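In full-length UniProt numbering, the protein residues as written are 1 to 312.
First the structure, in the form of structure tokens, and then the observations on it.
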């Protein structure tokens with residue numbers, strides 16, 4: 001029985017809505033005999049636009065007065081390395097460059113992102129090539145990739161026609177995600193409070209209450225849409241709008257609380273914190289949450305007034 005390769009596809013980008021796939025995820029190949037040498041390899045690909053694509057692009061070019069990166073409709077080249085199956089994130093090979101129709105394309109500056117094991121991963125945003133394309137229906141565009149091969153790494157390339165989305169639109173998508181009942185979300189967060197690993201020094205001591213700030217660690221102002229990643233093991237949230245705004249200009253997608261990975265697809269609006277922010281006094285910066293589901297503002301001059309966290 002032959003082994004079927006699991007499908008691979010690009011991680012969905014929160015700031016780009018894909019209008020058309022011009023070149024699906026396709027492997028870039030090199031001669032195996034020279035894989036470990038310093039030689040650079042190249043490979044050509046072709047793609048073209050349809051008439052309906054041109055209408056979107058031309059309308060965007062007409063209304064634009066700034067840089068290509070600010071165009072509403074863009075043509076993006078994305079690459080990723082195959083380190084598994086499923087949705088994979090952008091990653092370029094070593095000494096990478098590209099040309100479209102024999103014209104060199106400027107690459108966005110690389111971004112340093114902490115990786116497991118204390119290492120650093122350098123990633124780049126997608127490359128907008130619209131200014132180098134032949135903007136006519138059915139006319140072939142030539143894409144030339146040049147790179148230095150890396151041992152045991154397979155890269156894929158794709159070309160996409162996209163519509164750029166604002167931070168506000170990305171925030172709306174996050175808020176429209178299907179959420180579990182608020183009472184269940186609250187129960188999950190309370191379980192984090194009770195978790196033994198939260199105890200000081202790693203001892204198996206039950207935690208009865210924790211303090212949580214209502215101030216976003218990024219914007220330093222009170223949160224409006226509190227969120228965190230599903231993989232985070234802390235109850236502290238950060239403001240979704242501030243987080244998206246930060247990653248729009250510098251897409252590291254790292255949790256500002258614990259430093260763990262916090263991709264857009266893993267973000268959830270914390271209904272427990274939504275409730276607290278709605279009910280807490282305007283001058284309240286932090287609260288203390290008890291394991292039985294009650295909270296109170298953590299102000300020195302305020303006597304504890306217990307408030308229920310149970311949301312029906």
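Using N, Cα and C, we set each Cβ at its ideal position, and we do this for glycine too.
A quick note: this is a predicted structure, and the numbers were derived from the prediction, not measured.
Under the DSSP assignment, residue 243 falls outside any beta strand (DSSP E), being part of the alpha helix (DSSP H) whose first and last residues are 240-249. In the structure shown, residue 130 falls within a helical segment according to DSSP collapsed to helix, strand and coil. DSSP lists 104, 144 as the beta-bridge partner residues of residue 99.
Per DSSP, the unbroken beta strand (DSSP E) holding residue 161 starts and ends at 155-164. In chain order, 214, 215, 216, 277, 285 place their CB closer than 8 Å to the CB of residue 222, counting only its own chain and leaving out the 5 sequence neighbours on each side. The three-state secondary structure of residue 61, taken from DSSP, is helix. Listed in chain order, the non-local C-beta contacts of residue 263 below 8 Å within the same chain comprise 11, 89, 229, 253, local neighbours out to five positions each way being set aside. With fewer than 16 other Cβ atoms from the protein chains shown falling within 10 Å of its own Cβ, residue 102 counts as exposed. For the pair of segments examined, the segment 95-112 was found to touch the segment 135-150: the number of CB pairs separated by less than 8 Å reaches three. Put simply, of 256, 260, 288 the residue whose alpha carbon is nearest the alpha carbon of residue 273 is 288.
Looking at the DSSP output, residue 296 bridges to 288.
In this structure residue 129 touches residue 77 by the C-beta definition: roughly 6 Å separates them, less than 8 Å. The C-beta separation of residue 14 from residue 177 comes to about 11 Å, leaving the pair out of contact by the 8 Å criterion.
A direct Cα-to-Cα measurement between residue 175 and residue 137 gives close to 38 Å. Contact between residue 107 and residue 124 holds: CB atoms are separated by about 6 Å, below the 8 Å threshold. Buried is the label assigned to residue 79, since at least 16 other Cβ atoms lie within 10 Å of its Cβ. The beta carbon of residue 96 sits closer than 6 Å to the beta carbons of 147 from its chain, once the five residues preceding and following it are set aside; these are given in chain order. In the three-state reduction of the DSSP assignment, residue 55 falls in the helix class, which pools H, G and I.
Cβ neighbours of residue 255 within its own chain (closer than 8 Å, five residues either side excluded): 228, 229, 232, 238, 261, 262.
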